[in-house]
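Scroll down for the structure; my scribbles are underneath it.
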Amino acid sequence: MDRLKTSHLHQEAAKPKTLPTPTPGFQIHFYSVTKMWDDEMTPNSTKSYDYDYDYGGGGPCEYSRHGAYFLPAAYSLLFVFGLVGNSLVFWVVLMCVKIQSMTDVCLLNLAGADLLLLFSLPFLAHYSRDQWVFGRAMCRMVLSGYHIGFFSGIFFITLMSIDRYLAIVHAVYALKVRTRTYGALASFVVWMVSILAAFPEILYAEVKNETQILCTSMNEQQNMTLFNIFKVNILGLLLPLIVMGFCYLMIMKKLASCRQAQSKTIRLVVLVVVVFFCCWTPYNIVSFFKALEILRIYSSCKSSKAIHVSLQITEAVAYTHTCLNPIIYVFVGRKFRRHLSRLLGRLPCAGCQALKKRLSPIVGSTVSQSTTVEDGQTGM
1 MDRLKTSHLH
11 QEAAKPKTLP
21 TPTPGFQIHF
31 YSVTKMWDDE
41 MTPNSTKSYD
51 YDYDYGGGGP
61 CEYSRHGAYF
71 LPAAYSLLFV
81 FGLVGNSLVF
91 WVVLMCVKIQ
101 SMTDVCLLNL
111 AGADLLLLFS
121 LPFLAHYSRD
131 QWVFGRAMCR
141 MVLSGYHIGF
151 FSGIFFITLM
161 SIDRYLAIVH
171 AVYALKVRTR
181 TYGALASFVV
191 WMVSILAAFP
201 EILYAEVKNE
211 TQILCTSMNE
221 QQNMTLFNIF
231 KVNILGLLLP
241 LIVMGFCYLM
251 IMKKLASCRQ
261 AQSKTIRLVV
271 LVVVVFFCCW
281 TPYNIVSFFK
291 ALEILRIYSS
301 CKSSKAIHVS
311 LQITEAVAYT
321 HTCLNPIIYV
331 FVGRKFRRHL
341 SRLLGRLPCA
351 GCQALKKRLS
361 PIVGSTVSQS
371 TTVEDGQTGM
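Structure follows, in structure tokens:
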């Protein structure tokens, strides 16, 4: 009898272990991080396996956890630089700029949206190499802040494009609507829409304890996963691209017969938009291919590995936009640099004085910014 039991145990151990269908974790945005855990055999393993693909007669598909080595460092650096840069924008706008126009309000809220997204990165940095150890409440808070920050950042950049369109194409009408009051009202609407767009991900966020502790979505239906992927593709890329494309096409037509200098008035917002789409478009493309994989349009192990790695890389690239916006403000905005130099001059530290001296000469060819339609029409 003991021999039979031992033989049976050896047979069971020799069988491939069927893993549960991977869940998308924090839906599509946290997919690459949580999938590394959802597919793990043990918390300390260096490779993960998926038995749900066509292996061409070979063994199970193995995923090397490359992200566990580079993502913590990448997220930590992005958090530090993004926090410093966006906090600096907040500081300059609140201390020096008399907020008068919709652009001022949008820039302030864009920095706030970036900070909201950035606050999730320290948790992601730890989660990309370990289990979720922060509890259920933090799981929901981090997930909510991430998604709301993501969507609000997109929507505020889109609103800034509409603001530019009104200021240049409909300058007279813009004097009535590009006010601080309308800016505050539009910002409130954007935040409300962003909260709605974050559903149902934040509704189903939960801590799950299987072979390891995960912060994931308890709604694991395939249709819901596909819905969330396509929602990000549409709200996060296609619709903003259509709106911005129309706005800037009309702006270029309007400026075609004007002085060349006037075309520089849109440089700030154009750069913000270009940087955003350069950062987020690769991730949206890869997530679309992930949806095709879920639909079994293709199911080879090779393609699954490529998507797995690409999600991690493009996700890290996407987060860099939270650090680049403040850099654009500093190097493109002469008025921003003037305000920053003035604030640094009030501080007693030697490093602040040295930075002030470096900022002061960088003027001239860059765009002059203002907070009114009459003075430059760029808002900073």
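Under full-length UniProt numbering, the sequence shown has 135 at position 135, and the numbering climbs by one with no breaks.
Note that beta-carbon positions come from the ideal geometry of N, C-alpha and C, so glycine has one too.
None of the values given here were measured: they were computed from a predicted structure.
Straight-line Cα distance separating residue j from residue i
i, j, result
"residue 115", "residue 80", "11 Å"
"residue 181", "residue 316", "36 Å"
"residue 233", "residue 91", "33 Å"
"residue 128", "residue 282", "20 Å"
"residue 318", "residue 184", "28 Å"
"residue 395", "residue 89", "The displayed coordinates of the chain run from 1 to 380. Any statement about residue 395 would go beyond what the structure contains."
"residue 385", "residue 120", "Residue 385 falls outside the range modelled here, since the chain spans only 1 to 380, and no answer is possible."
"residue 192", "residue 302", "41 Å"
"residue 107", "residue 97", "11 Å"
"residue 70", "residue 275", "23 Å"
"residue 205", "residue 138", "10 Å"
"residue 209", "residue 135", "11 Å"
"residue 310", "residue 338", "41 Å"
"residue 111", "residue 189", "17 Å"
"residue 271", "residue 278", "10 Å"
"residue 396", "residue 222", "What the structure shows of the chain is the stretch from 1 to 380, and residue 396 is not part of that stretch, so it cannot be assessed."
"residue 313", "residue 102", "35 Å"
"residue 155", "residue 256", "28 Å"
"residue 123", "residue 200", "21 Å"
"residue 254", "residue 176", "20 Å"
"residue 342", "residue 95", "10 Å"
"residue 68", "residue 93", "38 Å"
"residue 153", "residue 87", "15 Å"
"residue 286", "residue 306", "10 Å"
"residue 288", "residue 267", "31 Å"
Environment of residue i [buried if 16+ CB atoms lie within 10 Å]
i, result
"residue 207", "buried"
"residue 335", "buried"
"residue 290", "buried"
"residue 229", "buried"
"residue 325", "buried"
"residue 327", "exposed"
"residue 109", "buried"
"residue 297", "exposed"
Own chain residues within Cβ distance below 7 Å of residue i, not counting five before or after
i, result
"residue 158", "240, 243 and 244"
"residue 323", "78, 81, 82 and 85"
"residue 198", "144, 147, 148 and 151"
"residue 273", "157, 161 and 244"
"residue 105", "99, 180, 183, 184 and 187"
"residue 202", "140, 143, 144 and 147"
"residue 113", "149, 152, 153 and 156"
"residue 74", "316"
"residue 194", "148, 151, 152 and 155"
Cβ separation of residue i and residue j, assumed to be a contact under 8 Å, to the nearest whole Å
i, j, result
"residue 251", "residue 169", "6 Å"
"residue 386", "residue 164", "Given a span of 1 to 380 for the chain in the structure shown, any question on residue 386 remains unanswerable."
"residue 308", "residue 280", "With a Cβ gap of about 19 Å, residue 308 and residue 280 do not count as contacting."
"residue 284", "residue 226", "Actually they are not in contact, since the Cβ atoms of residue 284 and residue 226 sit about 14 Å apart, beyond 8 Å."
Same chain, Cβ closer than 8 Å to residue i, neighbours up to 5 away in sequence not counted
i, result
"residue 141", "none"
"residue 133", "126 and 213"
"residue 390", "No answer is possible for residue 390: the residues shown for the chain start at 1 and end at 380."
"residue 235", "151, 154 and 197"
"residue 295", "226"
Residues near residue i by beta carbon distance below 6 Å, same chain, minus five either side
i, result
"residue 76", "125"
"residue 249", "none"
"residue 224", "none"
Near the ligand FAD: residue i beta-carbon under 7 Å from a heavy atom
i, result
"residue 99", "This structure does not include the ligand FAD; it has no bound ligands of any sort."
> Mind pulling the beta strand (DSSP E) runs of 3 or more residues that sit fully within the segment 125-183?
Replying inline: Listed in chain order, nothing qualifies, since the segment 125-183 has no complete beta strand (DSSP E) run of 3 or more residues.
>> Quick check for students: name the residue ranges of the beta strand (DSSP E) that lie wholly in the segment 182-238, counting only runs of 3 or more.
In response: The qualifying runs are 205-209 and 213-217.
>> My parser needs the alpha helix (DSSP H) runs of 4 or more residues fully inside the segment 303-336; what are they?
In response: You should have 321-332.
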